[in-house]
Structures are given as structure tokens and as C-alpha cells.
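Below you'll find the structure, written out as C-alpha cells, and then a few comments.
Here's what the structure looks like:
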């Protein structure tokens, strides 16, 4: 039969495969603006128009598009390149961060705009929660998307040298809104093979045999890899500057599986379908072993030993007790402190597993390419990663490869949130490429993202705090158990970080901590926004409110009485390992003042339905502006032959906005405009080294390296201009395109030519380096007023206010977006998100529709306020602000619930049914906790 489909005014006659969806059909023909986010019609990232109607192309059979006209995001603009009005509005409001979901929102909005004023107009544009019920954004918190639809402009066009502090639009914005930004798999690789993974059905088992004969008979299968093909080397999937921070407890493919979903074998084939069929035909014989999924049981004598045979040489703290890492410390004597207290409160708090849910799943494509000098080939790995350089280092160590033989590059990354500070696909794909010498791709499905990637660490925090009658704290004691899952990637670090700043933010003469990171036979935990602080802050800030209630004090007053002040030393019982941490600027008092003002002026309670319970609550948090132990960044700024500048940095862009900030910093230092700057980034070919885009380091570490390079280049060019013109150096003034040397204008292009002619090429480029220490502190405070329906447990947020101490705010629009996105993600974790497991540790929520992400209708507008501070350490006074907004949200919400209902909720998430059950029990028995 003949087949014809029109896509963006072009005709295609290739018939789709049996059962092929429209999304894959379009992507196979180069329309990469159509994204894969969920595999199930839940997220909307794949939305296209079919005869003008928006459809989720992952559900739409390609064969149904025969004879129809399909428009993707690439086809919205006019043939002359003029942006569609919706694209322009999203660009001007910057209605995106990572941008992976943006095509879906654009296509949905454009379709609704086309219906406006027609008989088909059903008013959805006036009701955006209904309009966007099929679209999910994980980054923005939706306010920027609403502003885009409404035509609110936020971007500015700063003049030369004045970019810092302005709302500069993202450099990749035009590409994001036109669907031409290139994410990990938005490339065509000739001869590409596809990998699929066979995963364990058992929580703990030894592999006795693997029969791959039938799998190899599947047409199109090229290889089946098992533990016999994998190196015996132990490593950690976690990526840190210092690999010794994590236990080396992992193999590429192991003969012992430790959780349901662990990879057992890999099949490489011409197509994903053939690879999947190959996986189905592999026969594995297992010896099932005892397993344990509760961390307290895992530490008990006689529990199954999950990593038997490993020990201190791979940095497992106590293998026989399944303890990956632990920390114990005490300042003063907490028992004396409790004896001195007039009131003591003790409780146990629990936080759940949360999925990062970045819309671009984990994955990579690897291949050999010719070296530039023509001396052979080298391996290139294109990956959705936050850590290109650390991933290269790990691959070279694992396969004994020289670093100059391996290149790791990240395209634009579709969300991270810490989840891509791991090596979860690059290792197994590299094994296949080394064996086959062919390009190989592995892209996780959404289900694999739930059971084959990582989650936030579930924490159990037993906490006891004491205070005198005037509110002065006397003692803080915590026992923390973090469930690291089957492997210890990030386990000790998350545990350590969680009990650091959470202790240090309050003064108390007596502090004690006992913390454990514990192995269990469940999906591994990993790095997640806040890196343990969100979990522990939930407990600390909840107890601070309980002390205030018992003392009859204003919760703000008890905090103000006990918080550390400017210039004070940070005291934590975890020891002296954070001696490089300083309060280099202080805005916590301003954060609390914002909350106090919001409370005083608030009238949102008037909007509560009759009969609902109304309450308000506050929480605050402190976080280091970058990770401990050194976080390194190299940068290079170069004057190019056309008189523009090139910025080379190693850090990745995934909606964190570092590309924008780096251009703003450079434009200021070189007194130029941002349109005269290009950025090359997240590529191990670009600079010597970069630890990675995690720990909020993109601005304060990589940004400082960029600032050092740019300011040095400005000075070097001034010196050369003076020498070239014979004019005194102080009379040479650098402008956007030229030097004015006492009236003589020398263009930057002319200066470049003169440098080459005189053999002074070294004057045209400068490197900058920063090692991430010393470090400063950032502060945040969150306040909610909410209403609760006692008859149903339904909660309505009446008002949300967030105060952020970000130092010098480099880009207000962008920083506001980071705060709003952090609050929205934290609200998801507070209200409903949870990765559920069954009695065998298997994940049962491996799809968005079963997991429940915040949608447009779920997220209130958060009023964001920035303090007026300038940091003595950060570049131009800036501090980090990508992780920290998450941390105070859950306790502020729980404190507001406590104020409204009289019930202390000690476990996250506070789902509607849990709230109703607690209120019902409170009414019947008087019990004032949800435990």
C-alpha cells in the first residue's frame, strides 16, 4: 500500500513499523523537537498537532496519521523563520528552564490560541489548570509558563557591561522554543545499535548460569553481555571529585543481584525491538538469597549480609551490619543539656523515597570517531550527565583507557536534580562499544527511571531538643538512619551532609548525633536536591515549632533567639571537616523579616471555605554554597578573530541557568554585550577539568573561574593595547568592540590581528581556575497559610511566601525561577510523591500516573523575595540558589498543618487520606500526632 504523511509541509512515504507510535516515527525522520518523557501519555512532552488538533504522539499510532497534516514544534514558525506568537511569548517570559517539556506546552497553547473565538473555543485558555492537565513541567513551578501564555515579558536587554543583576534571557532560548536545542539523543549517528537491559526479578540472588544462545538467534542481535564479559573492578556509580567519598561496591554486571531491577545482562541489536526480544529469550538460573528491606532490621544481628565478602578496603563501614557509612559525635554533654531544660520535646520523623523525575531519562550514546590529528580513533560518549569530566575519569579507570582516548560530552540536559550525578548507563554502553566497535545507544524508559536509576534517600530521624523557659536551646540530639538501598552511591555523603548545616544553624551548648547509612535490598538511593538536608530540616524545624507551642512563644521569636549570627563559627557534632565553611554574608535575619511582614499583612484566611481549619507555618534552612573537600572548575575566555569572545567551561546546562550567568559575568568583566559572547561547555575537550554541575556549584565555583579568566583577559588585552598604540595603559578603555586609547580607536579585530602578527597569541586567551574553597552559606525561609477541610482531609494553600538569601542576585528572573521550581518540587514531595515498594522491595509506582507529579493545578504562586546581601566569597557577591529553596518547604507546610489542626504530622507525604485519618483519630482519642 502507498503511505503519505505531511510533516511541517514536507511529505514522507515511508510506512511505519507495525505498532509504531507517531513520536518515534517523527524522531526517526529528524524531528527531534518531539520529546520522550513518559512513554505513557502522561507528560505531554511529545505533543504535536494532527490536522490542527493537539495529540500525545507517544500514544498516537503513526499509521493513523496517513493522509493527515502533522505539525511539530519545528513547524510553528513561519517559513521565513519568524516565530509563532506563542513561541515569542515563551521566549520573552522565559517560560522554561531545562526546556525538555517546552515543546509540549507550546503545542498545547498554540492549538488553544488557534481555537480562540471559534465554535471550538471552550474557554481552556482562561482555565490553565484544565488546559494543561496533560502537560507536566518538573523545573519551573508553572508560574513562568502561565506568564508566557498571558504575554508577560520578563527578559531584559542590558547594555554593555551591565548584564549582571539583569533578567537576561537564556542563550539557548531561541533553540528551546523552536525545537532545535539538541538534547542527548537529538543526533543522528550512522550505524547505531540499540541496547536493552535484562533486570533481576529477585531482591537478592546469586546467578548460577546464564544461557544466551536463544537470544543470539534473534535476527538483528549483535551481542549479549553478562557478568562474564564485565570487568571485575569494583567502583561506585556516584560521581564525586574524590572517589573515596563513596564505597566501591558496584560492578558493571554482577553475579549477585541485590534489588529487583538490577541489571543482569545487556542485549545489543539493530533495533530496540530486537534487543527487547533478545532479553526475553535469555535464560537465567538464580539461587535466591535472604533479603531485607527495612534498615533497622538490616543493622540487627543475624540480618542477611548484602555485600558479603567486601569490607574496609572498598570503604564499607561495617559490612557485617550492612552499614555503608556512619558518623558519631557530641559537643558538650546532651544529658546535661536536657537536665537544664524547662521543656523537652522528642519525636521520630520519617521521609519517603522521591524520584527526581527529570523529563529526559538517563541514557547515552557512545561511538568511536577519528582523532583530529588523524592518528586513529577515540571513544566519544554523549550522555545526559551533570558530570562529564568525572564520568570520563571513571570510564578510564574502569576500562584502563588513557584520558586523551575518551571524550565525554553532554548536550543540553533535560533536568537533573542530582539524579545525573551518577554513572548509570555510560559504563555498560562503553563495554558494548569496546566489544563491537559500533555505536551503541541506551535510553532508559520511564519505568526504568523508577526501578533502575536512583531515588532520594528515605530518612528516619529520631530527635530530641530542649529549651529553657525563655526559649534558649540547651541541647539537640539526633539519631538518623538513611536507607541507601542496595548500593552505597552517595550514601555516606548524604548522611553526613544531612546532619551538618541542620545542626549548625542553631546555637546550643550540647549537641549529639548518631547517623547511619544502611544497605537494604531495594532500589538504590542517590543524590537529590538538598543532599539530605531537606529530610533532617523537616525534623528540626518541626521540633522548633513544638518547643514554641509548649513555651507559648511565637515560632519566629524562638528561631530568632537561637539562630547563628554574622561572623559566628558553625558548630556541628560531625567534627571539624567543614572548617572552610564561613558565613561570608548574612541574610537570615532579612529572610525572617520577610516572613514576619507577610504574616502581619496577610488576609488570605478570608478566602478559606466556611468550616475549614486555617493555619500558618514557617521554617528556615541553611546550606553550604558548594560541596566540601574541593569542587574544581577551569574556564577559558578567548578573544576571537572577529572581535567577539569565546567562553569555555566544563559545567553542564540543564535548566540551572549557569550558561546565562557565565555570559553575564563575562560581559561585565569585558564591558561588552552578551550577544558578542559564545559559550562552549560540558565537553571534556573544552577545558582541563570541571568537577560538575552539582552541589549548587555552577555559579559560585564555575562562575568564579569564569570571572577570574574574564577579568584577567581584560587586563591582558589592556596591556597589549597600550603596547600596540604606545599610549599609557591607564588611558586605554575597553569597550564592546574596541579600545579607546586616548582618542585612538583600536578594534578588537585589529588587536587580534596585531597579536598574531607579533607572535603574541598568548595575550588573546586566559585560563581561570577555582577550587571551591573557602565556602559560604546561603539561607532560605518559607511561609504558608493553608486551609484544611476536616471532613475530607483536603488541603488548600492560601498563600506561599519564600525569602532567599542569594547574595548578589545575578539574574532575578532566573533565580526566581529556581526558587519557584524548588518550592514546587518540594510541595510534590510534601503532598503526594512517593516511590512505593512492595514486600520484596520491588517498585510499584513505575509510571507518572501511579507516582503523581505536581501539575499546573497543584502548584500555587509563590511570592519570592530576595535579601540584600553581597557575599565576600562568591563571584561578584553571588551565592548559590538551586538546591536550597527545597529544604524548608516540608516543615513549613507541616507547621502550618499543626497550627490549623493541632496535629503534628511526622511522616511525609501528608496525603489527603493520611490527613483525614489523623484528624479523625485526633477527634476521637485526642492523639495529636499522625504516628
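Residue numbers (the working numbering): 98 to 1028. C-beta atoms are modelled at their ideal positions from N, C-alpha and C, and glycine is treated no differently.
Rounded to whole angstroms, what is the Cα-Cα separation between residue i and residue j?
i           : j           : result
residue 483 : residue 795 : 11 Å
residue 54  : residue 230 : Outside the shown range of the chain, which is 98 to 1028, sits residue 54, and nothing can be said about it.
residue 166 : residue 784 : 45 Å
residue 317 : residue 309 : 14 Å
residue 391 : residue 722 : 33 Å
residue 204 : residue 107 : 19 Å
residue 415 : residue 405 : 10 Å
residue 283 : residue 509 : 10 Å
residue 393 : residue 888 : 36 Å
residue 470 : residue 189 : 43 Å
residue 853 : residue 540 : 46 Å
residue 375 : residue 528 : 18 Å
residue 178 : residue 147 : 22 Å
residue 257 : residue 765 : 7 Å
residue 669 : residue 131 : 49 Å
residue 708 : residue 953 : 26 Å
residue 875 : residue 305 : 52 Å
residue 297 : residue 422 : 26 Å
residue 299 : residue 940 : 12 Å
residue 663 : residue 520 : 39 Å
residue 286 : residue 491 : 24 Å
Considering Cα atoms alone, identify which of the options is closest to residue i.
i            : options                : result
residue 184  : 703, 926 and 276       : 276
residue 743  : 772, 329 and 491       : 772
residue 716  : 912, 995, 616 and 999  : 995
residue 776  : 956, 745 and 764       : 745
residue 530  : 747, 288 and 357       : 288
residue 1035 : 199, 215 and 670       : With the chain running from 98 to 1028 in the structure shown, residue 1035 is simply not present.
residue 943  : 543, 127, 292 and 144  : 543
residue 465  : 475, 265 and 255       : 475
residue 272  : 254, 173 and 296       : 173
residue 650  : 567, 870, 1025 and 695 : 567
residue 655  : 563, 249 and 952       : 563
residue 113  : 138, 144, 607 and 161  : 161
residue 608  : 625, 425 and 884       : 425
residue 779  : 122, 213, 486 and 956  : 486
residue 558  : 916, 387 and 613       : 613
Report buried or exposed for residue i, applying the criterion of at least 16 other Cβ atoms within 10 angstroms of its Cβ.
i           : result
residue 565 : exposed
residue 223 : exposed
residue 430 : exposed
residue 460 : buried
residue 186 : buried
residue 342 : buried
residue 982 : buried
residue 456 : buried
Assuming residue i is part of the beta strand (DSSP E), what are its boundary residues?
i           : result
residue 576 : 570-582
residue 102 : 102-104
residue 204 : No beta strand (DSSP E) contains residue 204, which is instead part of the alpha helix (DSSP H) from 199-212.
residue 838 : 835-838
residue 427 : 420-428
residue 892 : 892-902
residue 385 : 380-385
residue 302 : 302-308
residue 432 : Premise fails: residue 432 lies in the alpha helix (DSSP H), 431-437, not in any beta strand (DSSP E).
residue 658 : From DSSP, residue 658 is part of no beta strand (DSSP E) but of the alpha helix (DSSP H) over 652-659.
Any heavy atom of the ligand MG within a distance shorter than 8 Å of the CB on residue i?
i           : result
residue 745 : Annotation note on the ligand MG: not contained in the displayed structure, which lists no ligands.
Just confirm the distance between the C-beta atoms of residue i and residue j, as a whole number of angstroms; I'd bet it's less than 8 Å.
i           : j           : result
residue 364 : residue 327 : The pair is not a contact, with the Cβ atoms about 14 Å apart (cut-off 8 Å).
residue 451 : residue 860 : With 8 Å as the limit, residue 451 and residue 860 do not qualify as a contact, their Cβ atoms being about 51 Å apart.
residue 762 : residue 798 : The pair is not a contact, with the Cβ atoms about 12 Å apart (cut-off 8 Å).
residue 640 : residue 444 : 7 Å
residue 355 : residue 583 : 4 Å
Tell me the residue span of the alpha helix (DSSP H) that contains residue i.
i           : result
residue 527 : 523-533
residue 245 : 240-247
residue 628 : Per DSSP, residue 628 belongs to no alpha helix (DSSP H) and is neither H nor E.
residue 559 : No alpha helix (DSSP H) holds residue 559; the beta strand (DSSP E) holding it covers 556-564.
residue 464 : Run containing residue 464: none in the alpha helix (DSSP H); it sits in the beta strand (DSSP E), 460-467.
residue 590 : 588-595
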